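**Student:** Oh and the sequence shown: position 16 is 17 in the numbering used here, straight run, nothing missing. Mind looking over this structure? Questions follow.
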Amino acid sequence: MTNENCCKCDNVVEDGICCPCCQSFVHPKCAGFTKDSLSLYKKMKNLRWYCDNCLGYVDDVKGISKLINDKHVALDMELKKISESGDILKNDIEQLRIAVDNSKGKLDKVASVDSLKSEINAKWSEVVKKNCDAVCSEVRSIQKTLNVVNENKERENNIIIFNLAESENSAKDKEIVMKIFQSLTEESIKSSDVVKVFRQGKKDEQITSPRPIIVKFNNTSSKVLVMNKLFKIKLLDDKLKSIRISHDMTREQRTDYRKLIDEAKSREADDGEDFLYRVRGPVGRWKIVRFLKKGK
């Protein structure tokens, strides 16, 4: 049982279909599936059903990779412009130095030549510092943006498994992880779908709790398939029922997610006893979804 209500008829869904965007569940019958089409859907792991609310922005999801690549190209162009501006600045500084040197003979005839030189040097230093600070600030901003994009791209096909007992080696960890995935997905996940399985951090004999396991998939579809079957964890062996699986999020993403969770709880408390509020959707594009409680 999913413990979620059908987004069509609002009754509890025991064995339903999940929207990969907002994690909403629906009865196959409510979604218009026949017995044959439902059987075909379960056999084809790359076939997805989207709810009416999410169908409008599915195309946006398909374009994420293109947007990231376009962002890289735009940032490379900005860096090139900054480099060209730096060359121009160097040339202007050199021209200013030459002008000062050429004027040395005339300046020596002025009574306040020392004061004038100091003023010119001060203004020259101010111009150089101002332009250098602007260039450095722009470079730091671009570098930060690139780091965020690269880190999000690196983590988008990852999941983290908590509370899984430590094994004697990484090969044994992967063997156990694959058994979990095959149990959850009815053997739809193959070994070739998993790129890497490793423990987070170094093992400390003084710490009794197991280290989290990071799993890297070679495609988003495999990850989504596992995440959509998490309700089956309670059907695993007793030693595995206590595991917890989540997305591999950055620190900023975890902070944003916790804020939305707190906001959902606050809305639910303010709304009384009629509705449930849950955070649903892809990583970084979450939204708060309202469900009518059963019997209301």
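Yeah, the Cβ is synthetic: ideal placement off N, Cα and C, and Gly gets one too. Because the structure is a prediction, the values reported are computed rather than measured.
Looking only at C-alpha atoms, which of Ile244, Ser184, Val150, Ile162 sits nearest to glutamate 253?
**Tutor:** Val150
**Student:** Measure the alpha-carbon distance for leucine 277 versus lysine 294 and round it to whole angstroms.
**Tutor:** 6 angstroms
**Student:** Output needed for tryptophan 287: all residues of its chain with C-beta closer than 6 angstroms, excluding positions within five of it in sequence on either side, in chain order.
**Tutor:** Taken in chain order, the residues that qualify are Leu261, Val280.
**Student:** For arginine 291, collect the residues of the same chain with a Cβ closer than 6 angstroms to its Cβ; drop the 5 residues on either side in sequence, then sort them by chain order.
**Tutor:** Phe276, Tyr278
**Student:** Do you know how far the Cα of threonine 186 is from the Cα of lysine 217?
**Tutor:** 17 angstroms
**Student:** In this structure, does DSSP put tyrosine 258 in helix, strand or coil?
**Tutor:** In the three-state scheme derived from DSSP, where H, G and I count as helix and E and B as strand, tyrosine 258 is classed as helix.
**Student:** For the candidate residues Ile143, Glu274, Cys8, whose alpha-carbon lies nearest to that of methionine 78?
**Tutor:** Ile143
**Student:** Alpha carbon to alpha carbon, how far is valine 284 from lysine 131? Give it in angstroms, no decimals.
**Tutor:** 40 angstroms
**Student:** Among Asp249, Ile289, Asp257, Tyr258, which residue has its Cα nearest to the Cα of arginine 268?
**Tutor:** Ile289
**Student:** Just how far apart, CA to CA, sit tryptophan 50 and cysteine 8?
**Tutor:** 13 angstroms
**Student:** Count the other CB atoms within 10 Å of the CB of glycine 300; is the residue buried (16 or more) or exposed (fewer)?
**Tutor:** Outside the shown range of the chain, which is 2 to 297, sits residue 300, and nothing can be said about it.
**Student:** Please report how far the alpha carbon of valine 225 lies from the alpha carbon of proline 21, in whole angstroms.
**Tutor:** 7 angstroms
**Student:** Need the endpoints of the alpha helix (DSSP H) that tyrosine 42 sits in, please.
**Tutor:** 36-44
**Student:** Would you report the Cα separation of serine 40 and asparagine 12, rounded to the nearest angstrom?
**Tutor:** 22 angstroms
**Student:** What are the start and end residues of the beta strand (DSSP E) that includes isoleucine 160?
**Tutor:** 159-163
**Student:** Three-state secondary structure (DSSP) at lysine 235?
**Tutor:** helix
**Student:** How many Å lie between aspartate 307 and serine 138 at the Cα?
**Tutor:** Residue 307 is absent from the model: the chain starts at 2 and stops at 297.
**Student:** Which residue marks the beginning of the beta strand (DSSP E) containing valine 198, and which one marks its end?
**Tutor:** 195-200
**Student:** Pull the bridge partners of glutamate 5 from the DSSP assignment, please.
**Tutor:** Val14
**Student:** Mind checking cysteine 19: buried by the 16 CB within 10 Å criterion, or exposed?
**Tutor:** buried
**Student:** Valine 136: beta carbon under 7 angstroms from a heavy atom of the ligand NAD?
**Tutor:** The ligand NAD is not among the ligands present in this structure, which contains no ligands whatsoever.
**Student:** Can you have a look at valine 14 and say buried or exposed, based on whether 16 or more other CB atoms are within 10 angstroms of its CB?
**Tutor:** buried
**Student:** What's the C-alpha gap between leucine 90 and threonine 146?
**Tutor:** Rounded to whole angstroms, the gap between the alpha carbons of leucine 90 and threonine 146 is 25 angstroms.
**Student:** Please work out which residues of its chain come closer than 8 angstroms, Cβ to Cβ, to asparagine 219, disregarding the five sequence neighbours upstream and downstream, and give them in chain order.
**Tutor:** Closer than 8 angstroms at the Cβ level, and outside the excluded window around asparagine 219, lie Asn158, Ser193, Asp194, Val195, Val196.
**Student:** With a 10 Å radius around its C-beta and 16 neighbouring C-beta atoms as the bar for buried, classify phenylalanine 182 as buried or exposed.
**Tutor:** With 16 or more Cβ atoms within 10 Å of its Cβ, phenylalanine 182 is classed as buried.
**Student:** Using 10 angstroms around the beta-carbon of serine 223, count the other beta-carbons present and answer buried if the total reaches 16, otherwise exposed.
**Tutor:** buried
**Student:** In angstroms with no decimal places, state the Cα-to-Cα distance between valine 178 and threonine 251.
**Tutor:** 23 angstroms
**Student:** At the level of alpha carbons, what is the spacing between phenylalanine 232 and glutamate 85?
**Tutor:** Taking the straight line from one Cα to the other gives about 56 angstroms.
**Student:** Do you know offhand how far tyrosine 42's Cα is from lysine 191's?
**Tutor:** 18 angstroms
**Student:** Over the uninterrupted alpha helix (DSSP H) stretch that includes leucine 293, give me the two end residues.
**Tutor:** Going by DSSP, leucine 293 is part of no alpha helix (DSSP H) but of the beta strand (DSSP E) stretching over 288-293.
**Student:** From glycine 33 to aspartate 205, what distance separates their C-alpha atoms?
**Tutor:** 53 angstroms
**Student:** By the 10 Å Cβ neighbour count, where 16 or more other Cβ atoms means buried, how is leucine 48 classified, buried or exposed?
**Tutor:** exposed
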